[in-house]
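Engineer:
There are 2 protein chains.
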Amino acid sequence: MLAIRTAVPVPAMAHTHRRGKSKAHVQRALQEAERLCQARNTQLTELRRRVLEIILNSEAPPGAYAILDQLKSDGRAGAPPTVYRALDFLLGEGLVHRIASANVFVACLHPADSHSSQFLICKDCGRISELDSQALSYAINERAEQQDFKVDTQLVEVIGHCSACQKSGSAQPVSH
Amino acid sequence: MLAIRTAVPVPAMAHTHRRGKSKAHVQRALQEAERLCQARNTQLTELRRRVLEIILNSEAPPGAYAILDQLKSDGRAGAPPTVYRALDFLLGEGLVHRIASANVFVACLHPADSHSSQFLICKDCGRISELDSQALSYAINERAEQQDFKVDTQLVEVIGHCSACQKSGSAQPVSH
DNA sequence: ATAGGTATGTTACGTTATAACTACCGAGAC
DNA sequence: GTCTCGGTAGTTATAACGTAACATACCTAT
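If you read the sequences in order, they're chains W and G.
Just so we're aligned, residue 270 is where the first sequence starts under the numbering used here, counting upward by one.
Just so we're aligned, residue 270 is where the second sequence starts under the numbering used here, counting upward by one.
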């Protein structure tokens, strides 16, 4: 009851983090990440880049241990801290987001822009799409400030059923 | 980096889940819970009631294991499933909310009403206040539906610094 | 070359959550 | 009565998620 979980493989969903399809899309995202890190003078090391790539290539957002499994299957050494440190870096750079309700990580679609962290999470297939409404973000800040609350970060997670899964009628959970 | 954590004792904060102060407030909430469960023909058992009471009495929202510790110190038998099952019931009845970013649980302030699940979470003291803006909730639904997404539940968590902690200048984390 | 910083490897552990099975208890069927 | 059925709770074990602490490697600036 506490977390959103899913389990098997599937087709496609519009405007979604449906990686593993377009290598081109992934390559573009990785280049963008390189560019940003260079501009910021931070180190997108091979490991960090690879973790980002794994996330980008996942059909549904992977958890830390799913990422770790992939690193291991690369033949690379690894333990949980390996992944969590890379994730901390990527989170810090705004290159990935953490989905708190599901303990998974998604690549940010527009890492150069401001960071709202608003997501639609499909219960059926596990896929996540970004909402990214500035209006919403403003509304939240405004409401918080009415209570003299100083906002650091926002987190909006909408849980339900994506367009594709509604059509297909039944759950079609995706592998992580 | 992944979760919000806190640690020590403190003063008060307006419009907040600052339980342990007013027994009367807690009693009212418990009676309301009884009433709702009767109306719904669901069982607010002694255990479930006690878990709700523990949450209501906590200065800052407790995690499952903090609740478990209190159950044990009541002299009651207990293991994690004891708590998680009670929490599942209370979550299902809308009597408590889960704060995903911190893995803690808060009592709902208006369990009879609709359920937005919008919170202000203070990094310093760990206390959580409910936002409860229908306008916000509508805006989120609207935005989601623009993408043909069928909304089940929403989750808004705003992380920052509460009014009291801003004034006091420094962190004053509260005990769970 | 070596001292200092950053990144990663490694071991161990802490925290959060669930699976699976057992036991108990109350209500209705008979 | 007692049977059995559904729901609640006890119990054991383990899965899943995350971090602390320390060792190592590597780069680079003096």
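A virtual CB, placed ideally from N, CA and C, is assigned to each residue, including glycine.
If I measure Cβ to Cβ from W:T311 and keep anything under 7 Å in the same chain, skipping five residues before and after, which residues do I get?
Structural biologist: Contacts found: E362.
Engineer: Short of 8 Å Cβ to Cβ, which residues in the segment 358-379 of chain W face chain G?
Structural biologist: Answer set for the segment 358-379 of chain W: L360, G361, R367, A369, S370.
Engineer: Straight-line CA distance for W:D338 to W:A381?
Structural biologist: Using only the alpha carbons, I get a separation of about 29 Å.
Engineer: Please list the terminal residues of the continuous beta strand (DSSP E) segment that includes G:D421.
Structural biologist: 419-430 is the extent of the beta strand (DSSP E) around G:D421.
Engineer: Along the chain, which unbroken stretches of the beta strand (DSSP E) at least 3 residues long are found entirely within the segment 349-373 of chain G?
Structural biologist: Fully enclosed beta strand (DSSP E) runs of 3 or longer: 365-368.
Engineer: Any beta-carbon of chain G closer than 9 Å to the one on W:T314?
Structural biologist: No - not a single Cβ of chain G is within 9 Å of the one on W:T314.
Engineer: Just to confirm before moving on: does the CB-CB distance between W:L378 and W:V320 stay below 9 Å?
Structural biologist: Not a contact, by the Cβ cut-off of 9 Å.
Engineer: State the CB to CB distance for the pair W:K392 and W:G429, rounded to an integer number of angstroms; the pair is presumed to be in contact (CB under 8 Å).
Structural biologist: Contact flag correct, Cβ pair sits at about 7 Å.
Engineer: Is it the case that the segment 368-377 of chain W contacts the segment 400-418 of chain W, given that we only count it when at least three CB pairs across the two stretches are under 8 Å?
Structural biologist: No, the segment 400-418 of chain W does not touch the segment 368-377 of chain W.
Engineer: Going by alpha carbons, who is nearest to G:L360 out of G:C306, G:A404, G:L405?
Structural biologist: Nearest option by C-alpha distance: G:C306.
Engineer: Just to make sure I have the definition right: I need the residues of chain W whose C-beta is within less than 9 Å of the C-beta of G:E428. Which are they?
Structural biologist: With the sequence shown as reference, residue 428 of chain G is identified as Ile, and Glu is not the correct amino acid for it. Within 9 Å Cβ-Cβ: V420, D421, T422, Q423, L424.
Engineer: Within its chain, find whatever has a CB closer than 7 Å to the CB of G:S406; leave out the 5 residues flanking it on each side and keep chain order.
Structural biologist: Result list for G:S406: S385, Q423, in chain order.
Engineer: Would you list the residues sitting across from W:H387 in a DSSP beta bridge?
Structural biologist: First, the residue type needs correcting, since residue 387 of chain W is Gln and not His in the sequence shown. For W:Q387, which the question treats as bridged, DSSP gives the partners W:V425.
Engineer: By Cβ distance below 8 Å, which residues in the same chain neighbour W:L400 in space, the five residues on each side in sequence not counted?
Structural biologist: Result list for W:L400: S385, Q387, F388, L389, V425, V427, in chain order.
Engineer: Of all the CB atoms in chain W, is at least one closer than 9 Å to the CB of G:R412?
Structural biologist: Chain W, which has a Cβ nearer than 9 Å to the Cβ of G:R412, makes this yes.
Engineer: Closer than 6 Å by C-beta to G:L340: which residues in its own chain qualify, once you throw out the five before and the five after it? Chain order, please.
Structural biologist: Taken in chain order, the residues that qualify are G347.
Engineer: Do G:G332 and G:A298 come within 9 Å of each other at the CB atom, strictly closer than that value?
Structural biologist: No, the Cβ-Cβ distance between G:A298 and G:G332 is not below 9 Å.
Engineer: For G:A302, does the count of other Cβ atoms within 10 angstroms reach 16, so buried, or fall short, so exposed?
Structural biologist: Counting Cβ neighbours within 10 Å, G:A302 comes out buried, since at least 16 surround it.
Engineer: Closest by CA to G:R309, which one among G:F358, G:K292, G:K419, G:N410?
Structural biologist: Of G:F358, G:K292, G:K419, G:N410, the residue nearest in Cα terms is G:F358.
Engineer: Spatial neighbours of G:I323 within its chain, please: CB distance less than 8 Å, with the 5 preceding and 5 following residues excluded, ordered by chain position.
Structural biologist: The answer, listed in chain order, is P331, I336, Q339, L340.
Engineer: Give the single residue among W:R304, W:K292, W:S383 whose Cα lies nearest to the Cα of W:H366.
Structural biologist: Comparing Cα positions, the closest option is W:S383.
Engineer: Confirm, please, whether the CB-CB distance from W:A408 to G:A404 is below 9 Å.
Structural biologist: Against a cut-off of 9 Å, the Cβ pair of W:A408 and G:A404 comes out as a contact.
Engineer: What does W:I323 touch in chain G if you count any residue whose Cβ is under 7 Å from its own?
Structural biologist: Neighbours of W:I323 on chain G: none; closest Cβ ~18 Å, over 7 Å.
Engineer: Which residues bound the beta strand (DSSP E) around G:E399?
Structural biologist: 397-399 is the span of the beta strand (DSSP E), which, as asked, contains G:E399.
Engineer: By Cβ distance below 6 Å, which residues in the same chain neighbour W:T351 in space, the five residues on each side in sequence not counted?
Structural biologist: Cβ neighbours of W:T351 beyond the five flanking positions: none.
Engineer: Hey, could you find the ends of the alpha helix (DSSP H) W:L452 is sitting in?
Structural biologist: Nothing can be reported for residue 452 of chain W: it is not among the residues displayed for chain W, which extend from 270 to 445.
Engineer: So is G:D382 in contact with chain W if we call contact Cβ pairs under 9 Å?
Structural biologist: Not an interface residue.
Engineer: Rounded to whole angstroms, what is the Cα-Cα separation between G:H294 and G:L316?
Structural biologist: The straight-line gap from Cα to Cα measures roughly 20 Å.
Engineer: Applying the 10 Å Cβ sphere with the 16-neighbour rule, what's the burial state of W:S327?
Structural biologist: Buried is the call here.
Engineer: Assign W:S402 to buried or exposed, taking buried as 16 or more other Cβ atoms, counted over all protein chains shown, within 10 Å of its Cβ.
Structural biologist: It counts as buried.
Engineer: Pick helix, strand or coil for G:S437, following the three-state DSSP scheme.
Structural biologist: If DSSP states are grouped into helix, strand and coil, G:S437 belongs with the helices.
Engineer: Using CA atoms only, rank isn't needed, just tell me which of G:T314, G:N410, G:A369 is closest to G:R354.
Structural biologist: Nearest C-alpha to G:R354: G:T314.
Engineer: With DSSP collapsed to three states, give me the class of G:A329.
Structural biologist: Of the three classes helix, strand and coil, the one that applies to G:A329 here is coil, per DSSP.
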